[in-house]
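Going down the list, the sequences are from chains A and R. First residue of the first sequence? That's 1 in our numbering, and the numbers climb one at a time after it. First residue of the second sequence? That's 1001 in our numbering, and the numbers climb one at a time after it.
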Amino acid sequence: MNRLARVFENRTRELLMTFTVAGDPDYKTSLNIIRALETGGADIIELGLPFSDPVADGPVIQQADQRALNAGMNTDRFFSLVREFREQSDVPLVVLTYTNLILQRNIEKFYQDAADAGIDAVVVADLPYEEAGPYIKAAELAGISPVMMVSTTTSKKRLSNILKVKSGFIYLVAALGVTGVRQTTDMNARKMLVDIKSKTSIPVAPGFGISDREQIKEWGLAGADAVIVGSALVKKIEEYHLKPDVLIEQITGFVKDLKG
Amino acid sequence: MQLNTRLGPYGGCFVPETLMGALEELESAYINILPETTFQTELSGYLTTYAGRETPLTLCRNMSRDFGCTVYLKREDLLHSGAHKLNNALGQGLLAKHMGKKRLIAETGAGQHGVATAIAGAVLGLEVDVFMGEVDIKRQSLNVARMNMMGARVIPVSSGTRTLKDAMNEALREWVARVNDTHYLIGTVAGPHPYPVLVRDLQRIIGDETKRQIMAAEGRLPDVIIACIGGGSNAIGMFHPFISDASVRMYGVEAGGEGLDKKHGASLCGGKPGILHGNFSYLLQDTFGQIIESHSISAGLDYPGVGPEHAMHKDSGRVTYAAITDTEAMEAFLYLSRTEGIVPALESSHAVAFARKIAPELGKNTIMIINLSGRGDKDVETVLRYMEDKK
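What follows is the structure, given as structure tokens:
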């Protein structure tokens, strides 16, 4: 059983999955941020491998991608960063990226490098089930869990196909639109969670628009296995990235608040 | 999806999960509504009595004399709106209406597709939002004004390179947020399936007409066809009906910008296959797969990708792809204006420039057709600035 499956298996409450962009604002600070996320209590750490054209992301994460790329982040450095973090931690690591970065490295090599660096699962924001075949195969070959996304617009027929994949978890797109903070919860997404939970034992983690303890608690009560917080956290980095000492404190404090 | 989403190995559907439902719905409309006689009759009505089809195939006597062969221009510049983009905008707009959509969104570079969408929205009674990069808004201010006058909102895009690529990112994001009542009217033969085939089928009227017209005028097929390529919709529209006519040599002309060793927009000539905006095709990218900024004097060709059908024709060798620099295009713009009294769009000027380049190698019996995809009124300021800089 890999690290990811283990934390889901042993969970006593909803898990907290944090999302930040690797290399934002720079390599070294980013590594410190990831360590702070663990210290603050993140159960699963999701890292964005930044892409120049992130169509599924809102302005906050787009800018984080740009900060990271401007500071020299690339796929090689991304795996170095993960390796460096992994030396001192057993927290499950998930990568979120876009298809072209995997394709250009060579699909098999990407997943093998990811596994070697200590990554447990890979989510691809622009890779629906219909295109995912070779990527799922390469993931499984390397011992990485693929992660499929489901949204409220996913048809019944497609959902049943998606649930056939041995996903590390289902990433439930909890709001229509791109990533970013939202005030209200989409009730259709809530219904979708219940529907998915009735059909599979694969853990389900809603993300998109979730930013505080209240929303996390609601999703936990509704049956979410983990809850993903991204933009709200990335916004903190944007706010404090020019003050490195305060930044780490802010991150740890924010994650503690999210855990409640 | 019900159809094969690939063109050779290219194409596909690389989009966020949220859009898959909308693409399935659009594919179903492409299969069931588009070919219907009632739909085709309605569309054909708009294309003829409203947009002004068919467009002429003009025999250019001065250019023919100059080139030493027979030269025709397919006059998409004479279509209402001033470019071929309206063929697609009316077709998709009508399709969206039949699908029950209330609102059109579009990306635009040169502004021609934005204008075409604004026209379609106004005449069909649909709300229109056009995403346009801040850089392009500046260099195509006339088209921005035209869109506004026809009731469309132009939404400035300030992310990334602030050009066509980012306008497309932003339009995709907006579609993800409002897929229920909104149709994304993509202006070129790129994007996720079914767009490349849908837009091609709506633009092939250019090639279909050309074939009839050249048979009537010359009694035989042309030897050479030339069209410019950004995303590639005017070129595919022209080429597609001639693909199985082996004697017809076809050339797609990309934006060579400052030269292929410098900044350019020639993804087929200077890029490699990858995934952007929902499809697998040739792209300008670095070794890690990050997209590289494109450059062209002509906003409509300033795009780091290209339609997947062109990628397929490049690999098979059926179409030859070449690049023309900013300077060569500019000279061709002035050349055609002076020689024939036709002011071409800077995009189409690339095709004219390539024609001038290969003319000396062609025999006098050669029949050449250049697709004049749009007119150049929108580019007059850019050309004036360029001429002043050169002084």
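Even glycine gets a Cβ: it sits at the ideal position worked out from N, Cα and C.
Of all the CB atoms in chain R, is at least one closer than 8 Å to the CB of Ser145/A? As a working mapping, residue 145/A is identified with position 145 in the first sequence. It does not: the Cβ of Ser145/A has no partner Cβ on chain R nearer than 8 Å.
Trp219/A to Ala1051/R span [Cα, whole Å]: If you number the first sequence from 1, residue 219/A lands on position 219. If you number the second sequence from 1, residue 1051/R lands on position 51. Roughly 53 Å separates the two Cα atoms.
Please name the residue, chosen from Glu1054/R, Asn1365/R and Pro1156/R, that lies closest to Lys1138/R on a Cα-to-Cα basis. Reading the second sequence from its first residue, position 138 is the one you call residue 1138/R. Nearest C-alpha to Lys1138/R: Pro1156/R.
Note down, in chain order, every chain R residue with its Cβ under 7 Å from the Cβ of Arg158/A. By one-based count along the first sequence, residue 158/A stands at place 158. By Cβ distance, chain R contributes Met1020.
Whose C-beta lies closer than 6 Å to the C-beta of Asp1077/R among residues of the same chain, with five residues either side of it excluded? Start at 1 with the first residue of the second sequence, and residue 1077/R comes out as number 77. Around Asp1077/R: Leu1372, Gly1374 and Arg1375.
Within its chain, find whatever has a CB closer than 8 Å to the CB of Ile216/A; leave out the 5 residues flanking it on each side and keep chain order. Residue numbering aside, residue 216/A sits at position 216 when the first sequence is read from its first letter. If we look at Ile216/A and ignore the five residues flanking it on each side, its Cβ neighbours are Glu14, Leu16, Ile210, Val227, Val229, Leu258 and Gly260.
Ile1291/R touches chain A at which residues, Cβ-Cβ below 9 Å? Residue 1291/R sits at position 291 when you count from the first residue of the second sequence. By Cβ distance, chain A contributes Phe51, Ser52, Asp53 and Asn100.
For a quick check, are the C-beta atoms of Phe1280/R and Pro1304/R less than 8 Å apart? The residue labelled residue 1280/R in the question sits at position 280 within the second sequence. The residue labelled residue 1304/R in the question sits at position 304 within the second sequence. Not in contact: Phe1280/R and Pro1304/R (Cβ atoms no closer than 8 Å).
Which residues in the same chain as Phe8/A place their Cβ atom closer than 8 Å to its Cβ, once the five residues preceding and following it in sequence are excluded? Taking the first residue of the first sequence as position 1, residue 8/A is located at position 8. Here the set comprises Leu15, Phe169, Pro203, Asp225 and Ala226.
Min CB distance Gly177/A to chain R below 8 Å: Here the question's residue 177/A lines up with position 177 in the first sequence. Closer than 8 Å to some Cβ of chain R, the Cβ of Gly177/A qualifies, so yes.
At a cut of 8 Å, does the stretch 59-67 of chain A reach the stretch 89-104 of chain A through at least three beta carbon pairs? no
By the criterion of Cβ-Cβ separation under 8 Å, what are the contact partners of Thr185/A in chain R? Translated into the one-based positions of the first sequence, residue 185/A becomes position 185. Within chain R, no residue comes near Thr185/A; the closest Cβ sits about 16 Å away, beyond 8 Å.
In chain A, what lies closer than 8 Å to Cys1013/R by C-beta? Working through the second sequence from its first residue, we reach residue 1013/R at position 13. Correct list: Pro128, Glu130 and Glu131.
Please work out which residues of its chain come closer than 7 Å, Cβ to Cβ, to Leu1007/R, disregarding the five sequence neighbours upstream and downstream, and give them in chain order. Your numbering for residue 1007/R matches position 7 in the second sequence. Once the five neighbours on either side are set aside, the close Cβ partners of Leu1007/R are Pro1196, Pro1308, Glu1309 and Met1312.
Note down the Cα distance separating Leu1095/R from Met1132/R, rounded to an integer number of angstroms. Indexing the second sequence from 1 puts residue 1095/R at position 95. Indexing the second sequence from 1 puts residue 1132/R at position 132. Rounded to the nearest angstrom, the two C-alpha atoms are 23 Å apart.
Identify the residues that DSSP records as bridge partners of Pro1009/R: which are they? For the purposes of this step, residue 1009/R is identified with residue 9 of the second sequence, where counting begins at 1. Its beta-bridge partners do not exist; DSSP assigns none.
Alpha helix (DSSP H) runs contained entirely in the stretch 1147-1209 of chain R, provided each spans 4 or more residues: 1164-1177 and 1195-1203
Is the Cβ of Asn106/A closer than 8 Å to any Cβ of chain R? Position 106 of the first sequence holds residue 106/A. So, not an interface residue.
From Leu176/A to Thr99/A, what distance separates their C-alpha atoms? Residue mapping note: residue 176/A aligns to position 176 of the first sequence, counting from 1. Residue mapping note: residue 99/A aligns to position 99 of the first sequence, counting from 1. Roughly 21 Å separates the two Cα atoms.
Which residues of chain R have a Cβ atom closer than 7 Å to the Cβ of Asn74/A, listed in chain order? Position 74 of the first sequence holds residue 74/A. Within chain R, the residues near Asn74/A are Phe1288.
Can the beta-carbon of Gly1187/R be found less than 8 Å from the beta-carbon of His1277/R? Locating residue 1187/R in the second sequence gives position 187, where the first residue counts as 1. Locating residue 1277/R in the second sequence gives position 277, where the first residue counts as 1. Cβ distance not < 8 Å, so Gly1187/R and His1277/R don't count as in contact.
Just the chain R side, please: which residues come within less than 9 Å of Ser155/A by C-beta, in chain order? The residue given as residue 155/A occupies position 155 in the first sequence. By Cβ distance, chain R contributes Met1020, Gly1021 and Glu1024.
Do Leu1104/R and His1183/R have their C-beta atoms closer together than 8 Å? Translated into positions along the second sequence, residue 1104/R becomes position 104. Translated into positions along the second sequence, residue 1183/R becomes position 183. Cβ atoms of Leu1104/R and His1183/R: closer than 8 Å.
Taking Cβ positions, are Gly1274/R and Gly1289/R nearer each other than 8 Å? In the second sequence, counting from the first residue as 1, residue 1274/R sits at position 274. In the second sequence, counting from the first residue as 1, residue 1289/R sits at position 289. Yes.
Name the two residues that bound the continuous alpha helix (DSSP H) containing Thr152/A. Looking up residue 152/A in the first sequence gives position 152. No alpha helix (DSSP H) holds Thr152/A; DSSP gives it neither H nor E.
Identified DSSP bridge partners for Pro1344/R: Indexing the second sequence from 1 puts residue 1344/R at position 344. In the DSSP output, where bridge partners are listed per residue, Pro1344/R has Arg1375/R.
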